[in-house]
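Before any comments, here is the structure.
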Amino acid sequence: MLELMLNGKKISIKEGATILDAANAAGVNIPTMCHLKGHSSFTSCMVCVVKEHVSGRLIPSCTAPVANGMIIDTDSTEVHHARKSALDLLLSEHVGDCEAPCRLTCPAHMNIPLMIRQIASGKMTEAIETIKEHISIPAVLGRICPAPCEKGCRRSRFDSSVAICLLKRFVADIDLYSKSPHIPVCGISTGRNVAIVGAGPAGLSAAYYLARCGHQCTIFDDRQEPGGQLRYGVPENILPRQVLDKEVEVLKKLGILFEMKMKVGKDISICELREKFDALVLAPGKKDQYSLLSWLVKTTEKGIVIDAHTHMTSESGVFAGGAVVHEGRLAVRAVGHGRNMAVSIDHFLKKIPVTGVLRRFESRIGKIHEPEIIEFMKESDCSQSIEPSGGATAGFCVDEAVRESKRCMHCDCRKQDDCKLRDLAEKYSASPKHFNVEGRKPFTRVTTHTSVVFESGKCIKCGLCVRITEKAHETYGLTFVGRGFDTFVGIPFNESLGAGLQTTAEECVKQCPTGALAFKNC
Ligand code: SF4
Ligand code: SF4
Ligand code: SF4
Ligand code: FES
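Residues in the sequence shown are numbered consecutively from 0, following numbering that gives the first Met the number 0.
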């Protein structure tokens, strides 16, 4: 047996073990990207580096064998810095968008490409779940939203944007008019209660997501019926009240209580609400500074002052969102505020640091060149945008929705929630801009496999897929092509991806540490 010190603890391990083996045996986590147990080592990513103090060197733990008396640090500032540099280097030549431009421009940050893939494959139950992760009242928004997401849609570079808003409405209507509209699974009751001032889009949305977390919500509003400007400011022919009522019904089924015809400041004071409830949401719609005087929070002429990330006001436990904090009056932005407030309030009630919704690391391709649009179009139907046969007010029928969804170019990364590179870039604050690389490689997409897509710009050349296909004796498999910096992963003899991955597609997608190899439908 060999002995070493690992993060100050004495460890014994059998001869021949690597430092990574020793760390694993001691329950110490070291990140890896190009290492896979049972396969030969490759030592290309260098994110597994650790500091060995006897030699004074930084060494890759996945291949360095343990020697007697080693003193290893896996978590020092120097080690973190080295890992960040390794990641900076990988990102400097990375060509991929973690998230699609449509999603980045949606104020509610809905996962649009995922919803579209679900519609295209007829998975409407999954599609409504995807929508409701970010938008609590999609049938309403599907009728009134000016769709800023469509202005960001990349398909407009080819012909015209995908009709995202109509697709969302199509799914929402199917669900809302079904026998049992989607009711999310709510967490068990936390015993904490939240008062929400304002039954408009921000208040309704905050209540929906708070109820999902198991918090009891009561909405106070001076009007007769819930909906705020949606009910009292939008004409019936644009937003039928029946649609709004049905979406409010869903909220009531979650146990959300409505105290209508209750004017805050007259029928009940902010002080009383603060006494009776564990947290308070202020979402009363547009208000002038004077009328907010008795609300006991800091205001300017623009409305209530909040922390932009958490929506917390100057008073602890009091959060604000919607038109009372933002000059724009987009309902979808208010709905997004509602969800953000719910996340912050959930933190607050759980007594954990209130961070609000954390934005993730984003790899971005940047400007897309004309030939790259053709690459993006490889999985898309080239036909012009589909017009609803009954007119825009009637919305899509099933066939139209499916055809329109097939126009999507899938601009997002299909491994965005399962990408080691993204996770580690976030953890080590890595940046694609650290190494100033002139220009970038063109975006390419290989679609010649029934279920797998290969986007070589996201490949970090870890060689895992090459070793997996080799070990499984694939007829063609994958291989490294070219030399030096110009090396890339490809299929031998210019064969198709289908020919390369006949038996190992699933394993290669699973082990690929990035979105280079991904399932088309996820
Ligand atoms: S491979 Fe990872 S880092 Fe690259 S675009 Fe996809 S999710 Fe983002
Ligand atoms: S083509 Fe699809 S994924 Fe790309 S921006 Fe448009 S809707 Fe989003
Ligand atoms: S495609 Fe292959 S070589 Fe490239 S990152 Fe994925 S597993 Fe590694
Ligand atoms: S070099 Fe060790 S995991 Fe990549």
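Backbone N, C-alpha and C fix where the C-beta goes; we use that ideal spot for every residue, glycine too.
Keep in mind the model is a prediction, meaning the values are calculated, not measured.
Heavy atom of ligand 3 within 6 Å of K460 beta-carbon: Position 461 of the sequence shown, counted from the start, is the residue given in the question as residue 460. It does: the Cβ of K460 is within 6 Å (strictly closer) of some heavy atom of ligand 3.
Helix, strand or coil at A81 according to DSSP, with G and I counted as helix: As a position in the sequence shown, residue 81 is number 82, starting the count at 1. In the structure shown, A81 sits in a helix (DSSP, three-state: H, G or I).
Any non-hydrogen atom of ligand 3 closer than 6 Å to F488 Cβ: As a position in the sequence shown, residue 488 is number 489, starting the count at 1. In the sequence as presented, Phe is not what sits at residue 488; that position holds Val. Yes, ligand 3 has a heavy atom inside 6 Å of this Cβ.
Bridge partners - R153, DSSP secondary structure assignment: In the sequence shown, residue 153 corresponds to position 154, counting from 1. For R153, which the question treats as bridged, DSSP gives no partner whatsoever.
Cβ-based neighbour list, R332, same chain, cut-off 6 Å, excluding 5 preceding and 5 following: Counting from one through the sequence shown, the residue named residue 332 turns up at place 333. The residues are P106.
Top-ranked residue by Cα proximity to M376, from Y475, C407, L329: Your numbering for residue 376 matches position 377 in the sequence shown. If we check each option's Cα against that of M376, C407 comes out closest.
Assigned exposure category for D306 - 16 Cβ within 10 Å defines buried: Walking along the sequence shown from the start, residue 306 turns up at place 307. With fewer than 16 other Cβ atoms within 10 Å, it is exposed.
L420 beta carbon near ligand 1 (any heavy atom closer than 6 Å): As a working mapping, residue 420 is identified with position 421 in the sequence shown. Result yes, Cβ under 6 Å from ligand 1.
Distance between A424 and T513 (C-alpha atoms, nearest Å): Residue numbering aside, residue 513 sits at position 514 when the sequence shown is read from its first letter. Residue numbering aside, residue 424 sits at position 425 when the sequence shown is read from its first letter. Each residue's Cα considered, the two are about 12 Å apart.
Sequence-distant residues of the same chain with beta carbon closer than 6 Å to V304, five excluded per side: Along the sequence shown, one-based indexing puts residue 304 at 305. Contacts found: K297.
N- and C-terminal bounds of the alpha helix (DSSP H) containing L194: As a working mapping, residue 194 is identified with position 195 in the sequence shown. According to the sequence as given, residue 194 is Ala; it is not Leu. Unbroken run through A194 is the beta strand (DSSP E), 192–196; no alpha helix (DSSP H).
Status (buried if at least 16 other CB within 10 Å, exposed otherwise) for E98: Along the sequence shown, one-based indexing puts residue 98 at 99. Counting the other Cβ atoms within 10 Å of the Cβ of E98 gives 16 or more, which makes it buried.
Buried or exposed (CB count within 10 angstroms, at least 16 for buried), Q117: Numbered from 1 along the sequence shown, position 118 holds the residue referred to as residue 117. Per the 10 Å Cβ criterion, buried.
Beta-carbon spacing of A171, H336 below 7 Å: Residue numbering aside, residue 171 sits at position 172 when the sequence shown is read from its first letter. Residue numbering aside, residue 336 sits at position 337 when the sequence shown is read from its first letter. The Cβ atoms of A171 and H336 do not sit closer than 7 Å to each other.
Cβ pair I372, F41 closer than 7 Å: Mapped onto the sequence shown, residue 372 falls at position 373. Mapped onto the sequence shown, residue 41 falls at position 42. Cβ distance not < 7 Å, so I372 and F41 don't count as in contact.
Cross-strand partners of F318 (DSSP beta bridge): By one-based count along the sequence shown, residue 318 stands at place 319. Answer by DSSP bridge pairing, in chain order: V280, M311.
N-terminal and C-terminal residue of the beta strand (DSSP E) that G121 is part of: Walking along the sequence shown from the start, residue 121 turns up at place 122. That residue, G121, is in no beta strand (DSSP E); it is neither H nor E in DSSP.
Proximal residues to K252 (C-beta, below 7 Å), its chain only, five neighbours per side dropped: Reading the sequence shown from its first residue, position 253 is the one you call residue 252. The residues are I182.
Bridge-paired residues (DSSP) for T129: Along the sequence shown, one-based indexing puts residue 129 at 130. DSSP lists no partner for T129.
Cβ contact (3+ pairs, closer than 8 Å) linking the stretch 339–357 and the stretch 272–283: yes
Per-residue DSSP class, three states only, for E494: Reading the sequence shown from its first residue, position 495 is the one you call residue 494. Looking at E494 - three-state DSSP - the assignment turns out to be coil, as it is neither helix nor strand.
8 Å Cβ shell around L86 - same chain, five flanking residues per side excluded: Locating residue 86 in the sequence shown gives position 87, where the first residue counts as 1. The beta carbon of L86 sits closer than 8 Å to the beta carbons of V46, L420, L423, A424, Y427, A429 from its chain, once the five residues preceding and following it are set aside; these are given in chain order.
C-beta atoms of I134 and V334 nearer than 7 Å: The residue given as residue 134 occupies position 135 in the sequence shown. The residue given as residue 334 occupies position 335 in the sequence shown. Closer than 7 Å, so yes.
Backbone CA spacing between H214 and D220 [nearest angstrom]: Here residue 214 refers to the residue found at position 215 when the sequence shown is read from its first residue. Here residue 220 refers to the residue found at position 221 when the sequence shown is read from its first residue. Using only the alpha carbons, I get a separation of about 19 Å.
Where C216 sits in the DSSP three-state scheme: Counting from one through the sequence shown, the residue named residue 216 turns up at place 217. Of the three classes helix, strand and coil, the one that applies to C216 here is strand, per DSSP.
Coarse secondary structure for E235, derived from DSSP in three states: Within the sequence shown, numbered from 1, the residue matching residue 235 stands at position 236. In the structure shown, E235 sits in coil (DSSP, three-state: anything other than H, G, I, E or B).
Same chain only: Cβ atoms within 7 Å of V356, ignoring 5 sequence neighbours per side: The residue given as residue 356 occupies position 357 in the sequence shown. These residues qualify, in order along the chain: N339, V342.
Where the alpha helix (DSSP H) containing V139 begins and where it ends: Taking the sequence shown and counting its residues from 1, the one referred to as residue 139 is at position 140. Element bounds for V139: 137–143.
Contacts around F453, its chain only, beta-carbon distance under 6 Å, and the 5 residues preceding and following it disregarded: Here the question's residue 453 lines up with position 454 in the sequence shown. Excluding positions up to five away in sequence, the list reads V445, L496, L516.
Bounding residues of the beta strand (DSSP E) (the contiguous stretch that carries L19): Stepping through the sequence shown from its first residue, residue 19 is reached at position 20. First-last for L19: 18–24, but that is the alpha helix (DSSP H), not the beta strand (DSSP E).
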